[in-house]
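Residue numbers (this note's numbering): 88 to 528.
See structure below.
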Ligand code: HEM
């Protein structure tokens, strides 16, 4: 493992643990809104949490790509130096954003709330990443496997959507509220698609390596699902803009495209038995546990996503905790599970220190179950509180009365959040230990 990959992996794990820590504080602030209000109000904990956990997703996926690429092409990375600069700029920019949020220095838009100047380093390190990536795969491009397609799509679309998310700096977009909100939501919706591509590509690569079977990453069905995912990345953001009075056809196209995900759902159900058999075969491999969990979370989240894409349901659920359940269900259950599979895979396969993982195998299994069971309660409590909010809003219940009715759900949410935090810590310690002690090549 190179020093740079090691740096990316350790940074990713730190982002995950610190990010969840702020999420837990935010969860308790649902219950005690005045807690830490003086110096760490919810308006700071939320962006601290969200930006760190989203950075975890990007950084862990990036670490995987840097680690796997030389193994796929059979040649070293185009430039270790560029990768090192990527890591250094990312590290300093993350610290700068963190300090800005702590000091209450905002200036951006939702999800990218830091001062817009800090977007510049992101564009720079992403450009370095793209140069390195394309120059590395350029050397081996016959019969491109699916994970290369996915990573390529993810890298390009993150660059496009990130730039698009800053179009509001131009008066033509900023001065028209409908245009501004539509473009902003379009950019953020598609950006989710871009990191999904990076994460799913990683999942495919790890699956291929575990099963030792390359057919899945080259079969026509896999490419069909890739194009389905790409179509969703390009168009299904429209379901975020149902409430914006933009052109009607945008919502209609988005709705039809979202429903194509039913095909994906059907395929998951059809493959269910097969994946159970596979699970029995591979369950001794730690990373397989996480892929198996991601499979189940894809199913649960797809059911929820399809429900809330229906305009008449979306009308009630938009802006409630059901949307948060959708966002966290997917980013924890699917993205984080796949990325943990990737990190464990790297740790299991690259090291002469596998004994660290073997020694902690029992603990890792406990951490796995604590995280997933807590996540189930966490997800259900958000859906529960979303349903109560939608019903009470419809009845015109006063805000204070509604908050009282939500109290039980918020308790469950905060408690389950602590469970996820505990589970992730149990999972991260042996992983961090292993990566830290890994030999540098
Ligand atoms: C890997 C773990 C996690 C990931 C990837 C994650 C991701 C996210 C994302 C993407 C959002 C934005 C949702 C939206 O805007 O709709 C969010 C919001 C939030 N998360 Fe997490 N989360 C994680 C764990 C946790 C935990 C353990 C807690 C503890 C209670 C938590 C508490 C919160 C809170 C309070 C919000 C703000 C919701 C609001 O605006 O009302 N998160 N998280």
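The C-beta atom is built at its ideal place from N, Cα and C for all residues, glycine as well.
Model, not experiment: these values are computed from the prediction.
Just to check, is the beta-carbon of residue i closer than 7 angstroms to a non-hydrogen atom of ligand 1?
| i | result |
| --- | --- |
| residue 266 | no |
| residue 114 | yes |
| residue 290 | no |
| residue 160 | no |
| residue 111 | yes |
| residue 476 | no |
| residue 188 | no |
| residue 103 | yes |
| residue 495 | no |
| residue 424 | no |
| residue 270 | no |
| residue 230 | no |
| residue 419 | yes |
| residue 380 | no |
| residue 415 | yes |
| residue 508 | yes |
| residue 377 | no |
| residue 133 | yes |
| residue 107 | yes |
| residue 498 | no |
| residue 331 | no |
| residue 140 | yes |
| residue 155 | no |
| residue 310 | no |
| residue 411 | yes |
| residue 38 | Outside the displayed span of the chain (88 to 528) sits residue 38, for which this structure offers no information. |
| residue 501 | yes |
| residue 454 | no |
| residue 280 | no |
| residue 523 | no |
| residue 253 | no |
| residue 504 | yes |
| residue 117 | yes |
Which one or two residues does DSSP pair with residue i in a beta bridge?
| i | result |
| --- | --- |
| residue 199 | 196 |
Applying the criterion that 16 or more other CB atoms from any shown protein chain within 10 Å of the CB defines a buried residue, is residue i buried or exposed?
| i | result |
| --- | --- |
| residue 399 | exposed |
| residue 277 | buried |
| residue 485 | exposed |
| residue 371 | exposed |
| residue 125 | exposed |
| residue 472 | buried |
| residue 334 | exposed |
| residue 434 | buried |
| residue 231 | exposed |
| residue 189 | exposed |
| residue 319 | buried |
| residue 343 | exposed |
| residue 494 | exposed |
| residue 306 | exposed |
| residue 170 | buried |
| residue 265 | exposed |
| residue 407 | buried |
| residue 506 | buried |
* So does the segment 243-259 actually touch the segment 182-194, counting three or more Cβ pairs closer than 8 angstroms? -> no
* Asked: What are the start and end residues of each continuous alpha helix (DSSP H) run of 4 or more residues lying completely inside the segment 259-317, in chain order?
  -> 264-298
* Asked: Counting pairs of Cβ atoms below 8 angstroms between the segment 493-501 and the segment 459-470, do you hit three or more?
  -> yes
* To do: Could you tell me whether the segment 288-303 touches the segment 146-159, using the rule of 3 or more Cβ pairs below 8 angstroms?
  => yes
* alpha helix (DSSP H) segments (min. 4 residues) lying fully within the segment 406-445 -> 408-415, 424-436
* Looking at C-beta atoms only, is the number of pairs between the segment 173-190 and the segment 133-144 that lie closer than 8 angstroms three or more? -> yes
* Would you call the segment 114-133 and the segment 173-181 in contact, with 3 or more CB pairs under 8 angstroms? -> no
* Asked: Do three or more CB pairs link the segment 472-485 to the segment 505-524 at distances below 8 angstroms?
  -> no
* **Any 3 or more C-beta pairs closer than 8 angstroms across the segment 507-515 and the segment 441-456** => yes
* Continuous beta strand (DSSP E) assignments of at least 3 residues falling wholly in the segment 167-252 -> none
* Would you call the segment 150-170 and the segment 212-226 touching, i.e. three or more CB-CB distances under 8 angstroms? -> yes
* To do: Mind the definition here: the segment 290-301 touches the segment 425-435 only if three or more C-beta pairs lie below 8 angstroms; say whether that holds.
  => yes
* Asked: Are there three or more Cβ pairs, one per stretch, closer than 8 angstroms when the segment 383-392 is compared with the segment 331-342?
  -> no
* Asked: Counting Cβ pairs closer than 8 angstroms, one from the segment 244-251 and one from the segment 204-219, do we hit at least three?
  -> yes
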